[in-house]
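Heads up: the structure comes next, in structure tokens.
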Amino acid sequence: MNTEAVVYIARKLKWTRAEIGQLSPSQFNELLGELYFQESVDEWRKMHTVATILSAIYNTIPRKKGSQPIKAKDFLNSEMPERHPKQGKTVDQMAEDKGIILPKER
């Protein structure tokens, strides 16, 4: 439990230091992770709302025939945050896909 994390939880939840101190380290870390996740989702929703407005404004401008309208996702550089994102491929799987043989541990 570092000071920055304690202050962050106290500010977000309006808890006292005594209330935060009653949490076990695993509860503290789980709570902190959930707060970070919820904050990232809220921030993404705000960005998506702005992107939707921008795309609506842009699509009112006359364009050449055949050009596609812009969507909100064209303004965003990421998808909505996931609580448990899918795990990427391991190094072994990527090497196998490329036909590379990695040395084995003894």
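The opening position of the sequence shown corresponds to residue 14 in my numbering, with each subsequent residue numbered one higher. The C-beta atom is built at its ideal place from N, Cα and C for all residues, glycine as well. Fair warning: this is a prediction, and the values are worked out from it, not measured in the lab.
Mark residue i as exposed unless 16 or more other C-beta atoms lie within 10 angstroms of its C-beta, in which case mark it buried.
i: residue 22; result: buried
Give me the residue from the options with the minimum Cα distance to residue i.
i: residue 85; options: 65, 76 and 59; result: 65
i: residue 53; options: 115, 73, 83 and 96; result: 96
i: residue 118; options: 48, 80 and 105; result: 105
For a test of the three-state rule: what should DSSP assign to residue i, helix, strand or coil?
i: residue 24; result: helix
i: residue 88; result: coil
i: residue 81; result: coil
i: residue 16; result: helix
i: residue 51; result: helix
i: residue 42; result: helix
i: residue 73; result: coil
i: residue 115; result: coil
Do the segment 101-110 and the segment 67-82 make contact, defined as three or more Cβ pairs closer than 8 angstroms? Verdict: no, contact absent.
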